[in-house]
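Worksheet: the structure to be examined is printed underneath.
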Amino acid sequence: MLAERKRAALRSKFIGALLGTAIGDALGAPLEGWSSARVVKVYGDAGRLELVGGRYTDDTEQMIGVAESLVRHAGFDGADMARTLVRNMNPKRGYGPGSRAAFERLRAGARWDEAAQGLFGGRGSYGNGAAMRIAPVGLLYYADRKKLREVAYCSSQITHTHELGKEGAALQAFAIALALRDERDEMLSQLEDFVQHELYKEKLRRMERLLRAGARSGEIIAELGNGMAAFDSVPTAIYSFLRYEDFERSVASAIRLGGDTDTIGAMTGAICGAYYGDQAIPSEWLARLEDEEKGKRYIAQLAEELYYITTAEQ
Ligand code: F2R
Ligand code: MG
Ligand code: MG
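Next comes the structure, spelled out in structure tokens:
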């Protein structure tokens, strides 16, 4: 009976992480690029944020591609994942310039692990595009941090070859895994132990201070960031999860920080969903999330398939 209850809770967390990505993304989408002051002026500094439109963006579209490929192969296959991301791409969802360029090179025949190498003067992208789509990797490998890191890096390589872009994706994937495992109290120390770059370690140390002080938005933005670089948005999403103890407040407060709102919302939603499960997502938000060809029912189905693959191996 207990095992049955544990299985149901785990399944709900898988669904929560993927739907949480889509909800945070759709909530933040109309405000992407706004300053925090503008978001607060229009929506107020507390209370429910309205889900306007309900359409998700590139964050969720790519997360769906990652999940589809992992499900198809019961694991990572770089060429297939790249093909899937390219096939799914709808430019109207608003893609980052680096990712768009990588997909064009893939379409022209470049290898999955080489297409993005020449971007940004050969340094590769450190944008948050690989981190925002990483939730399925955090779920599938939640019990194996070595494999989680390996697949996070490899899946990033398709579009983001800069080490800070890859590390941001691995950090976000591991935060999702820890949330799934209910390791909230240990999250910061575990993340500090896991992460390999001093820039991220420093942001995690700042986070500890900000959480203790109950910092205000201006300070959070100045210390952690709210931009499109992985190192200016992944830590902010982790902070937003740790700052409050419910799905709605964490996601709404992340979006009220302004900047890359859809992406910080998507990443916060993924961690919160992995921790609280899908039932914690406000029903009013879920009701408004798009449900067309690859909408909420499809996303929940992908999460269930990932859950079955993961638990079949245990
Ligand atoms: N692209 C957008 N939003 C703008 C347009 C949306 C509008 N509403 C519309 O409908 O058209 N959002 C999406 O892009 C972000 C993810 O970007 P990604 O995939 O990481 O792209 P990119 O271009 O690789 O990186 C983003 C920017 O980061 C800077 N950057 C990255 N690496 C750099 C490097 N090595 N040196 C210097 N700068 C670097 C650049 O400014 C990149 O353009 C998400 O917000 C997603 O929602
Ligand atoms: Mg987006
Ligand atoms: Mg964005």
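Taking numbering that gives the first Met the number 0, the leading residue of the sequence shown gets 0, the next gets one more, and so forth. Glycine included, C-beta positions come from ideal geometry on N, C-alpha and C.
From the DSSP secondary-structure annotation, give me the bridge partner or partners of residue i.
{"i": "residue 126", "result": "228"}
Which residue marks the beginning of the alpha helix (DSSP H) containing residue i, and which one marks its end?
{"i": "residue 283", "result": "282-287"}
{"i": "residue 196", "result": "It is not in any alpha helix (DSSP H) - residue 196 carries neither H nor E in the DSSP assignment."}
{"i": "residue 237", "result": "233-242"}
{"i": "residue 115", "result": "Looking at the DSSP string, residue 115 is not in any alpha helix (DSSP H), and its letter there is neither H nor E."}
{"i": "residue 149", "result": "144-156"}
{"i": "residue 80", "result": "77-87"}
{"i": "residue 220", "result": "216-223"}
{"i": "residue 248", "result": "246-255"}
Could you have a look at residue i and say whether DSSP puts it in helix, strand or coil?
{"i": "residue 68", "result": "helix"}
{"i": "residue 173", "result": "helix"}
{"i": "residue 21", "result": "helix"}
{"i": "residue 139", "result": "helix"}
{"i": "residue 5", "result": "helix"}
{"i": "residue 42", "result": "helix"}
{"i": "residue 293", "result": "coil"}
{"i": "residue 47", "result": "coil"}
{"i": "residue 185", "result": "coil"}
{"i": "residue 27", "result": "helix"}
{"i": "residue 348", "result": "Only positions 0 to 313 of the chain appear in this structure, which leaves residue 348 out of reach."}
{"i": "residue 34", "result": "coil"}
{"i": "residue 73", "result": "coil"}
{"i": "residue 261", "result": "helix"}
{"i": "residue 275", "result": "helix"}
{"i": "residue 307", "result": "helix"}
{"i": "residue 56", "result": "coil"}
{"i": "residue 213", "result": "coil"}
{"i": "residue 298", "result": "helix"}
{"i": "residue 121", "result": "coil"}
{"i": "residue 14", "result": "helix"}
{"i": "residue 133", "result": "coil"}
{"i": "residue 268", "result": "helix"}
{"i": "residue 180", "result": "coil"}
{"i": "residue 93", "result": "coil"}
Would you verify that the beta carbon of residue i is, or is not, closer than 9 Å to some beta carbon of chain C?
{"i": "residue 46", "result": "Judged by its chain identifiers, the structure shown contains no chain C, having just a single protein chain."}
Relative to ligand 2, what is the chain-ordered list of residues with a Cβ closer than 5 Å to any of its non-hydrogen atoms?
56, 57, 58, 261
Any contact between the region 82-97 and the region 167-185? By contact I mean 3 or more CB pairs, one from each, below 8 Å.
no
Using a Cβ distance threshold of 8 Å, determine whether the region 258-275 contacts the region 227-245, with at least three qualifying pairs required.
yes
Inter-stretch contact at 8 Å, needing at least 3 Cβ pairs: the region 18-29 / the region 271-283:
yes
Count Cβ pairs between the region 40-59 and the region 243-257 that sit closer than 8 Å; are there 3 or more?
yes
Is the region 8-15 touching the region 302-313 in the sense that three or more CB pairs, one from each, lie closer than 8 Å?
yes
Are there three or more Cβ pairs, one per stretch, closer than 8 Å when the region 132-152 is compared with the region 196-203?
no
Kindly confirm or deny that the region 267-277 and the region 63-72 touch, where touching means at least three C-beta pairs closer than 8 Å.
no
Hey, is the region 182-197 in contact with the region 220-229, meaning 3+ C-beta pairs nearer than 8 Å?
no
Count the CB pairs spanning the region 55-69 and the region 284-299 that are closer than 8 Å, and state whether there are at least three.
yes
Taking contact to mean 3 or more Cβ pairs, one atom from each stretch, closer than 8 Å, check whether the region 50-59 and the region 111-122 are in contact.
no
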